[in-house]
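In what follows, a single structure is set out as structure tokens and then discussed.
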Amino acid sequence: MTFGDNNNDITTWARLGLKTVHSRSTDKPFWSRGNSFSPASSSTSLFSPFSMAALKPLTVYVHSAGPNPYKVAIVLEELSSPYDKIVVDNPKEDWFLALNPNGRVPAITDPNNGDFTIWESGAIVEYLVELYDKHGKLTVEHAKGKWTLKQYLHFQMSGQGPYFGQAVWFHRCPDDIPIAKQRYIEQTVPVFEVLETILKDREYLVRDKSTYADLCFVPWNRVALHAPFFKDSLWERYHIEEKFPNFLTWHRRLSSRPSVNKAFGESQD
1 MTFGDNNNDI TTWARLGLKT VHSRSTDKPF WSRGNSFSPA SSSTSLFSPF SMAALKPLTV
61 YVHSAGPNPY KVAIVLEELS SPYDKIVVDN PKEDWFLALN PNGRVPAITD PNNGDFTIWE
121 SGAIVEYLVE LYDKHGKLTV EHAKGKWTLK QYLHFQMSGQ GPYFGQAVWF HRCPDDIPIA
181 KQRYIEQTVP VFEVLETILK DREYLVRDKS TYADLCFVPW NRVALHAPFF KDSLWERYHI
241 EEKFPNFLTW HRRLSSRPSV NKAFGESQD
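What the sequence shown shows, in UniProt numbering, is residues 1 to 269, in sequence order.
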């Protein structure tokens, strides 16, 4: 068994230091709030003949805990795009496998595009930016910059998420396998090193602007920086504060954005 885009054990995530996400106004998880966000009134048509005001909420399939659905929620919050959430208790049931044969979340269905369904969090983010970010809030105009953003998104998907996820999985595995725990904890450090190098002379990954690529790193970084076993294993042994100041400043800057606070159901006070 591997740890990927689905984890339904909310108790386990609580033990790792990740609390159940609640809305500030309703004290309900973010995925049960319903469609509480409306598109920006200044935006114009994306899907002719629809206006932004006429867009129907996207359906986002999520689970009770775990980082990957938060990437989608953060992007939707940034774009002020309406969406509803459906919690998938068992992604291996036939009804969900008909939507996503991989049997993992997140996935989305877009009623504004012929009920188009797409899965894999990175692909979903690219889809949302391509179709819903009409004013380029989360991307850049320069062609090379656009490819650089894709480069960093793919690095997050292939370099950060899998290694961080395996570190979590082996620390919650009933069988204690010290060598696996150590290996995957250690594999998080090269990710920090790469990001520290990139950020040594800039505030964000591309063109000093917060983009979808930056924001997609936030959920798994939160796990690495806040889950107790990560902190116990990483912080002192690898001198995280001293060795990676640019990375930490970048993460904290992103974490202070309203979209991140809303997606995680946290107060900005």
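We put the beta carbon where it would ideally sit given N, CA and C, even for glycine. Computed from a predicted model, the values in this text were never measured in an experiment.
Around Phe244, the same chain offers Phe192, Glu196 as residues with beta carbons nearer than 7 Å, after the five sequence neighbours per side are excluded. In this structure, Lys71 lies away from Pro258, with their beta-carbon atoms at least 8 Å apart. Across the set Leu58, Gly265, Lys92, the C-alpha of Leu58 shows the shortest separation from the C-alpha of Pro82.
Distances from the CA of Ser210 to each of Ala180, Ala167, Ser256 were compared; the closest alpha carbon is that of Ser256. Look at Phe96 here: in three-state DSSP terms it is helix.
Here the alpha carbons of His171 and Thr148 stand approximately 33 Å from one another. The secondary-structure analysis by DSSP pairs Ile86 across a beta bridge with Tyr61. Runs of the alpha helix (DSSP H) lying entirely within the region 170 to 235, each at least 4 residues long, are 178 to 186, 188 to 198, 212 to 216, 218 to 226, 228 to 234 in chain order. One alpha carbon belongs to Gly103, the other to Pro69, and they sit about 14 Å apart. For Phe116, the enclosing beta strand (DSSP E) has its first and last residue at 116 to 119. For Thr109, the uninterrupted beta strand (DSSP E) segment begins and ends at 107 to 110. By the Cβ rule, the region 219 to 239 counts as touching the region 176 to 193, because three or more pairs are nearer than 8 Å. In this structure, the straight-line span from the alpha carbon of Thr109 to that of Phe116 is close to 5 Å. For Tyr163, the three-state secondary structure derived from DSSP is helix. For the 8 Å CB-CB criterion, Leu138 and Val87 do not form a contact. Straight across, the Cα-Cα distance linking Gln156 with Phe217 is about 6 Å. Within the same chain, Cβ atoms closer than 6 Å to the Cβ of Val129 are found at Leu138, Thr139, Tyr212, the five residues on either side in sequence being excluded. When DSSP states are grouped into helix, strand and coil, Glu141 belongs to the coil group.
Annotated three-state conformation of Gly66 is coil, per DSSP.
Rounded to whole angstroms, the separation of the alpha carbons of Pro67 and Lys146 is 25 Å. Gln160 counts as buried, since no fewer than 16 other beta carbons sit within 10 angstroms of its beta carbon.
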